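S.K.:
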Amino acid sequence: MPEISYLEAIRQALWQEMKRDERVFLLGEDIGRYGGAFGLTHGMLDEFGEERVLETPISEATIVATAIGAALLGMRPVAELMFMDFVLLTLDQLANQAAKMHFMFGGRATVPMVVRMPGGSGSGAASQHSQSLESMLMHIPGLIVINPSTPYDAKGLMLSAIRNPNPVCFVEHKILYKTKGEVPEGDYTIPIGVAEIKRPGRDITVVANNIMVIKTLNVAEKLSKDGIEVEVIDPRTLLPLDTETILKSVARTGRLLVVHEACQTGGWAGEVIASVVGSPVFDYIDAPVRRLAGKDIPIPYNRVLEKAAVPQEADIEQEIRALVEGRI
Amino acid sequence: MPEISYLEAIRQALWQEMKRDERVFLLGEDIGRYGGAFGLTHGMLDEFGEERVLETPISEATIVATAIGAALLGMRPVAELMFMDFVLLTLDQLANQAAKMHFMFGGRATVPMVVRMPGGSGSGAASQHSQSLESMLMHIPGLIVINPSTPYDAKGLMLSAIRNPNPVCFVEHKILYKTKGEVPEGDYTIPIGVAEIKRPGRDITVVANNIMVIKTLNVAEKLSKDGIEVEVIDPRTLLPLDTETILKSVARTGRLLVVHEACQTGGWAGEVIASVVGSPVFDYIDAPVRRLAGKDIPIPYNRVLEKAAVPQEADIEQEIRALVEGRI
Amino acid sequence: MSKDNGKGSEKDIGSREQFEERVKRLGMSDDSLIGLYRTMSTVRHFEYMADKLYAAGKVHGTMHLSAGQEAVAAGISLAVKPDDYLINHHRGHGHFIAKGADINLMMAEFLGKDAGYNHGRGGSMHIADFQSNNLGANGIVGGGIPQAVGVGLALKMQKRKEICVCIFGDGAANEGVFHEAMNMVALWKLPVLYVCENNKYGMSMDVERASAKLPIAQRADAYGIPWACVDGNDVVEVYDAMKTAVEHIRSGNGPYFVEAITYRYFGHSKSDRNLYRPKEEIEDWKQNRDPIMHFTKHLLQSEIMDEGQAQEIDVQAEQIIVKAVEFAEAAPEPDVSTLMEYVYA
Amino acid sequence: MSKDNGKGSEKDIGSREQFEERVKRLGMSDDSLIGLYRTMSTVRHFEYMADKLYAAGKVHGTMHLSAGQEAVAAGISLAVKPDDYLINHHRGHGHFIAKGADINLMMAEFLGKDAGYNHGRGGSMHIADFQSNNLGANGIVGGGIPQAVGVGLALKMQKRKEICVCIFGDGAANEGVFHEAMNMVALWKLPVLYVCENNKYGMSMDVERASAKLPIAQRADAYGIPWACVDGNDVVEVYDAMKTAVEHIRSGNGPYFVEAITYRYFGHSKSDRNLYRPKEEIEDWKQNRDPIMHFTKHLLQSEIMDEGQAQEIDVQAEQIIVKAVEFAEAAPEPDVSTLMEYVYA
Ligand SMILES: Cc1ncc(C[n+]2csc(CCOP(=O)(O)OP(=O)(O)O)c2C)c(N)n1
Ligand SMILES: Cc1ncc(C[n+]2csc(CCOP(=O)(O)OP(=O)(O)O)c2C)c(N)n1
Ligand SMILES: [Mg+2]
Ligand SMILES: [Mg+2]
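Chains as they are written, first to last, in the working numbering: chain A, 369 to 696; chain B, 369 to 696; chain C, 1285 to 1629; chain D, 1285 to 1629.
#1: In chain order, what residues of the same chain have a beta carbon less than 6 Å from the beta carbon of D:A1399, not counting five sequence neighbours either side?
#2: Taking three-plus beta-carbon pairs below 8 Å as touching, is the region 1347 to 1365 of chain D in contact with the region 1573 to 1580 of chain D?
#3: For B:V649 and B:V657, what's the separation of their Cα atoms in angstroms?
#4: Kindly list, in the order they appear in chain D, the residues whose Cβ is closer than 9 Å to that of A:D398.
#5: Where does the unbroken alpha helix (DSSP H) through A:E685 begin, and where does it stop?
#6: What is the DSSP secondary structure of B:W315, counted as helix, strand or coil?
#7: Distance check for D:M1468 and C:T1622, CA to CA, integer angstroms please.
#8: Heavy atom of ligand 1 less than 7 Å from the Cβ of B:L457, yes or no?
#9: Kindly list the residues whose CB is nearer than 8 Å to the CB of C:F1579, restricted to its own chain and excluding five residues on each side of it in sequence; keep chain order.
#10: Exposed or buried, D:R1557, counting other C-beta atoms within 10 Å across all chains shown (16 or more means buried)?
#11: At what residues does the alpha helix (DSSP H) containing D:H1463 begin and finish?
#12: As a quick check of your reading: which residues have a C-beta less than 6 Å from at least one non-hydrogen atom of ligand 3, in chain order?
#13: So, is the C-beta of B:T573 closer than 8 Å to a C-beta in chain D?
#14: For D:K1497, which option in A:E415, A:L395 and A:P425 has the closest C-alpha, if you only look at C-alpha atoms?
#15: May I ask you to report which of helix, strand or coil DSSP gives D:M1589?
#16: Would you call the region 537 to 553 of chain A in contact with the region 487 to 496 of chain A, where contact means no fewer than 3 C-beta pairs closer than 8 Å?
#17: Taking only the alpha-carbon atoms, compute the straight-line gap between D:R1405 and D:V1425 and give it to the nearest angstrom.
#18: Comparing the CB of C:R1375 with every heavy atom of ligand 1, is any distance shorter than 7 Å?
#19: Any beta-carbon of chain B closer than 8 Å to the one on C:P1616?
#20: Closer than 7 Å: is that where the CB of B:M450 sits relative to any heavy atom of ligand 1?
#21: Could you name the residues of chain B that C:I1576 contacts, counting a contact when the two beta carbons are closer than 8 Å?
#22: Of all the CB atoms in chain C, is at least one closer than 8 Å to the CB of A:L673?
#23: Give the straight-line distance between the Cα atoms of A:R604 and A:V627, rounded to the nearest whole angstrom.
#24: So which residues of chain D does B:G474 contact, with C-beta pairs closer than 7 Å?
#25: Tell me which same chain residues have a C-beta within less than 8 Å of the C-beta of C:M1487, skipping the five on either side of it?
#26: Check whether the Cβ atoms of A:T573 and A:T621 sit closer than 8 Å, and answer yes or no.
#27: Bridge partners for A:A576 per DSSP, in chain order?
#28: Only counting runs of 4 or more residues, tell me where the alpha helix (DSSP H) segments fall wholly within the region 588 to 623 of chain A, in order along the chain.
#29: Tell me, please, whether the CB atom of C:A1608 is closer than 8 Å to any CB atom in chain B?
#30: So C:N1467 contacts chain D; which residues on that side make the cut at Cβ distance below 7 Å?
#31: Does the distance from the C-beta atom of D:A1432 to that of D:I1371 stay below 8 Å?
#32: Have a look at B:A494, B:E629 and B:G561 and flag the residue whose alpha-carbon is nearest the alpha-carbon of B:N577.
#33: Consider the Cβ of B:K425: report whether some Cβ of chain A lies at a distance smaller than 8 Å.
#34: Does A:T430 get closer than 8 Å to chain C when you measure Cβ to Cβ?
#35: In chain order, which beta strand (DSSP E) runs of at least 3 residues are fully inside the region 1327 to 1400 of chain D?
#36: Does any C-beta atom of chain C lie closer than 8 Å to the C-beta of D:M1285?
The following block contains the structure:
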């Protein structure tokens, strides 16, 4: 299988689906000649033309609303928000409108649309360009929230997202864009709402999303040399969340750690933990159920502070060791 | 002490603080002659005039931004969003701007402002006028999120909110507006970030907010006749959250149930539960740690469905009994 | 078309000749004129019945009635085609009826019944009928305005002849999305007819205290969008303006903006005590500028309709509404077991 | 003032007489003129140094350089008072320097040092100096536009004479808050000077493809706000327009809107490969319309400044920047132990 980057995998999914389904089109800011802030849509304007690679004014709320209107008429819009932080400009349209239409209208409207949004820190873009806001989106019934960690998942989930009849928030991580992995050239989908055990292990279950999956896998590799076997679960979809896979795993390992970059307070780790300790699996748990998350601060500009604001591999290793060795 | 309603208590706080501090002013839609959608500001236009009871066009984002700008210049704006659902139109200003300014500007700016927003279902206003979105706000460091359940708390917390140098989301519940309670006429404040044990009990700790506090207290009263003593904790402030009071209580009771009207998935119950089971108190817990929350659906218009969408007293009673009797 | 600044003022109905010359120029048949009367009468009866039901405690939830504004809905409906798209706002009963919605299903939804358009999930503020390209009302003021960009865009991409009519109020025109949407429909020359139903108040806010410059329609100049501001209580004038607008749009010239000055008789919603507007003002509009009365005088004067026909139409309209109430009241509530349905497609 | 539609085109600098007549009419002293030159030279040197530092890998994070747009910042700063308020946007270095910010502290912030204006928390996109009523830049395009309503409102409530200057780009003018804010400052007659710095592109989006009608400034008509659109590369013309605007505002007549047509030399930010604009266009602006070159010719021609002085000022400007870099590089990083500070006041 060819090795391509996370960014290329997403582009490939968009490209192939636009070839396959003429109802699919892209809209967003600077996605044409410029290729988007991260170059993800580079080359697509030349391939598909201005009608299907629609550059918009800087009007995020109306970008999302335009996707809604077009979706109601049977199109399959894929909107890009240049940075996830800007989703806060669109939440009325996304949460009050798109997410609720199918329900409010008694099942008689469907809103098949995808909104792409790169989140995460690490690029020195400071507080307004580095947030991980997926936990907020997860609180809105009617939305689907996808959050891939690998090129393979990114392509397969994007194809599923575009073909799904509901409004999908497709949350990317800007630092993952350059990471590479094997991706089939052909058409394949990954089911929405199904987690994946990225690495099996008997000693502890660690649930992590996007970049934290990669970091946790590195730590797991290292720890296994010391005989600590970490099971790493990537929910891949945060809403709907595949709690079953997580519950089964925790029932086996008896220990749970949730790792995310998003700020800890109000973060999605709470959702995972509450689902576990509220279930019969509670009886199988041997240690406090912990989370390791971003600090409850805006992301600082300075690179030292920026790193310190979110979990690093050393933090993950330390937390896992403490849990497995019963020091917590 | 005079008995007044939750609505009157908030009005009294606004009124008295405007008398005491000329920097305080109100802004929002239809808050003048009309008195706001719920009549909360009724009479204030006549008392304080158009300069201090500022009626705005229907421009929520700029209502919040106006509060920010005025706060930066030392004013003490109190903005009203007619329904909490509309906060989704203002989150860029609230979360990307107000919440982050003090930090982004290295501690050199302060944004003393209050945004009032009535949330909650029960009035048949349907999906776009009935949400409880406090859990989303709780995920934004830099914000303070207050959520009173009684007239007494509402007044004391509002006075604290206006005097606080940070941006405060003051989340009211429309169904509580008419509920009455004893409220001192004079000036008093309730500290932000301090929970209150609304009813002591030894058998189980129930943490609930706004209207669910009232419902839980009714249930507790009933259950105590059957010898089940429920400890009811009202965080009053969701951000910062007083986990210490909750931890102490659970260490005593060994059981925890969190009740809120907000949708369960991604709701703040997860935050409370994660804080508890991640702490040493984990060892004192005898039963699964549970939550009882709003269904993961938009609020339906039909009154029967609307009731069924959020926890009712019977549900709370059932859940508590099951936990205490070890049936979960 | 008058660039009425939005202030109400007495006006006589004008001479028979003028009226007949105008309907002739517009090619309006007697049937179509009587049809307009029927539409307005039906809307009026629906709204007064809704108010009665509410007073009788049969409605759980809020509603926004359009009595007094019937000419706007009627005038639009005659100018567009049945398969044109409608994006409606919270004060939308009249527009739904004018677009030909099934009044039984509307009433059932209003009473929250499973037989309603939205299976009782939406209520007055969210009635929609996707079969008839009626994309629904919106509880968020201005919420539908930017969605019209997407509908217009899809129509253009799909190379279809239909247009999108988007209704909103004077207050909604101050939401930010108004600006974003106007700019985008103009940039992309989309087939969207924006209709600002200016009933002179938001909830209680006088349009003159909410909008820096009037008429609201002149804001369209900023985007190079052609516009008109008309007497929204003169159904023929409304039709005249809409006809021009629709022709402009359907011939591929891009969007058009029409502001219709009108007035609502009832309070904004249930909680309204009308403290913000003088009783005299309300009376003036009811007595001197009522769209139905005004139009009736014309039809009688020009002998297009006689008293008898008028009465007959009113009685039929009332019967339709009464039957709808019977249907709705008899209809069952949604089954609680279906609570979790319709969240995801 | 020219209602330039935003298209760049060759222009000779005009005769010595015209220039001298104009500065005389505007009452500009030789010192103030030379001051403008000094400001522009300092900004230019800062931006090129920033680019160098970035290329040298010394900057972690993004930046938006204003080289080519110096005349706008300089012209404004001469028209306002030091204690007037500034709401800046992401491309804000020039405006900060023109407002008299301490370049050492700016540079330190740019390098993320604790000695920086924001203790290294903000970086290029968030530099602010509350001591000097400099309310900061914004990473959210258009984010500051509605905040100016609140600043203007507070100034009015506090019965103060200062005004608020709010800078934003051509792209920002398409955000919804632009509309909400224009309407509100006009309604309430607030002391706000809105300056749209139209450098003809957003990130890559040509203003003609992003805005349905030009000039952008004409949108002010929709709110009854007086406006002008000027050559933003002619510092005297900018000053002229700003002076008029500031006088209008300070005498209590409410807001004013000025659009300044200019051009940026560098890419939008670090990631830009300039694929969206022809190299010739960039060269044309650099060769034929450079604001500093243009102004220098005038000053020399009118013998207000000679080559020697010019060089001296440039050298001084460069030294200030070099010193600032030394200061910033020597300054310590924020201590990680302070990570949790400044979240709450
Ligand atoms: C975003 C938003 N803000 C405020 C409200 C509350 N509200 C409902 S209707 C209304 C007035 C709307 O005025 P207008 O657009 O003129 O329509 P009208 O009610 O006059 O028909 C307001 C403020 C809302 N529903 N949505
Ligand atoms: C709300 C928002 N949308 C998009 C962006 C990404 N972005 C940063 S600058 C920019 C272009 C802004 O154009 P303009 O307002 O003309 O300012 P200029 O960069 O040309 O000075 C964009 C799209 C952003 N920072 N904020
Ligand atoms: Mg109105
Ligand atoms: Mg620009």
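All C-beta atoms, glycine included, are put in the ideal place defined by N, C-alpha and C. Quick caveat, the model's predicted, so the values are computed rather than measured.
M.R.: On the basis of the data shown:
#1: Counted from its first residue, the fourth sequence places residue 1399 of chain D at position 115. Excluding positions up to five away in sequence, the list reads A1392 and A1615.
#2: yes
#3: Reading the second sequence from its first residue, position 281 is the one you call residue 649 of chain B. Reading the second sequence from its first residue, position 289 is the one you call residue 657 of chain B. Cα to Cα, B:V649 sits roughly 12 Å from B:V657.
#4: Working through the first sequence from its first residue, we reach residue 398 of chain A at position 30. Neighbours of A:D398 on chain D, chain order: G1486, M1487, S1488, M1489, H1552 and Y1560.
#5: The count along the first sequence starts at 1 and reaches residue 685 of chain A at position 317. It spans E681 to V692 - the alpha helix (DSSP H) in which A:E685 sits, taken as one unbroken run.
#6: No statement about residue 315 of chain B is possible, as the shown extent of chain B runs from 369 to 696 and does not include it.
#7: Counting from one through the third sequence, the residue named residue 1622 of chain C turns up at place 338. Counting from one through the fourth sequence, the residue named residue 1468 of chain D turns up at place 184. Cα to Cα, C:T1622 sits roughly 46 Å from D:M1468.
#8: For the purposes of this step, residue 457 of chain B is taken as residue 89 along the second sequence, with counting starting at 1. B:L457 Cβ: within cutoff of ligand 1.
#9: Residue mapping note: residue 1579 of chain C aligns to position 295 of the third sequence, counting from 1. Taken in chain order, the residues that qualify are L1320, Y1321, M1324, A1355, D1518, V1519 and V1520.
#10: To locate residue 1557 of chain D, count along the fourth sequence from 1; it is residue 273. The residue is exposed, with fewer than 16 neighbouring Cβ atoms inside 10 Å.
#11: Position 179 of the fourth sequence, counted from the first residue, corresponds to residue 1463 of chain D. Element bounds for D:H1463: G1460 to L1471.
#12: C:G1453, C:D1454, C:G1455, C:N1483, C:Y1485 and C:G1486
#13: As a first step, residue 573 of chain B must be located in the second sequence, where it is residue number 205. No, no contact with chain D.
#14: In the fourth sequence, residue 1497 of chain D corresponds to position 213, counting from 1. It is A:P425 whose Cα lies nearest to the Cα of D:K1497.
#15: The residue given as residue 1589 of chain D occupies position 305 in the fourth sequence. In the structure shown, D:M1589 sits in coil (DSSP, three-state: anything other than H, G, I, E or B).
#16: yes
#17: Start at 1 with the first residue of the fourth sequence, and residue 1405 of chain D comes out as number 121. Start at 1 with the first residue of the fourth sequence, and residue 1425 of chain D comes out as number 141. Answer to the nearest angstrom: the Cα atoms are 19 Å apart.
#18: As a first step, residue 1375 of chain C is located in the third sequence; it is residue number 91 there, counting from the start. Flag set: Cβ of C:R1375 near ligand 1.
#19: Within the third sequence, the letter at position 332 stands for residue 1616 of chain C. Not closer than 8 Å to any Cβ of chain B, the Cβ of C:P1616 fails to qualify, so no.
#20: In the second sequence, residue 450 of chain B corresponds to position 82, counting from 1. Within the cutoff, so yes.
#21: Position 292 of the third sequence, counted from the first residue, corresponds to residue 1576 of chain C. Near C:I1576 there are no residues of chain B at all, since even the closest Cβ is about 28 Å away, more than 8 Å.
#22: As a position in the first sequence, residue 673 of chain A is number 305, starting the count at 1. Answer no: the Cβ-Cβ gap between A:L673 and chain C never drops below 8 Å.
#23: Residue numbering aside, residue 604 of chain A sits at position 236 when the first sequence is read from its first letter. Residue numbering aside, residue 627 of chain A sits at position 259 when the first sequence is read from its first letter. Roughly 13 Å between the two C-alpha positions.
#24: The sequence position of residue 474 of chain B within the second sequence is 106, counting from 1. Within 7 Å Cβ-Cβ: Y1401, N1402, H1403, R1405, G1406 and Y1626.
#25: Walking along the third sequence from the start, residue 1487 of chain C turns up at place 203. Cβ within range, chain order: G1455, H1552, S1553 and D1556.
#26: As a working mapping, residue 573 of chain A is identified with position 205 in the first sequence. As a working mapping, residue 621 of chain A is identified with position 253 in the first sequence. Yes, they are a contact pair.
#27: As a position in the first sequence, residue 576 of chain A is number 208, starting the count at 1. DSSP, once it has assigned bridges, lists A:V627 as partnering A:A576.
#28: 611 to 621
#29: The sequence position of residue 1608 of chain C within the third sequence is 324, counting from 1. By this cut-off, C:A1608 is not an interface position.
#30: By one-based count along the third sequence, residue 1467 of chain C stands at place 183. Neighbours of C:N1467 on chain D, chain order: N1458, S1495 and A1496.
#31: As a first step, residue 1432 of chain D must be located in the fourth sequence, where it is residue number 148. As a first step, residue 1371 of chain D must be located in the fourth sequence, where it is residue number 87. Yes, the Cβ-Cβ distance between D:A1432 and D:I1371 is below 8 Å.
#32: The residue labelled residue 577 of chain B in the question sits at position 209 within the second sequence. Nearest of B:A494, B:E629 and B:G561 to B:N577, Cα basis: B:E629.
#33: As a first step, residue 425 of chain B must be located in the second sequence, where it is residue number 57. According to the sequence provided, residue 425 of chain B is Pro. The question's Lys does not apply to it. Chain A, which has no Cβ nearer than 8 Å to the Cβ of B:P425, makes this no.
#34: Numbered from 1 along the first sequence, position 62 holds the residue referred to as residue 430 of chain A. Chain C, which has a Cβ nearer than 8 Å to the Cβ of A:T430, makes this yes.
#35: 1369 to 1371
#36: Residue mapping note: residue 1285 of chain D aligns to position 1 of the fourth sequence, counting from 1. The predicted model places D:M1285 with a pLDDT of 35, which falls under 50 and marks its position as unreliable, so this point remains unresolved.
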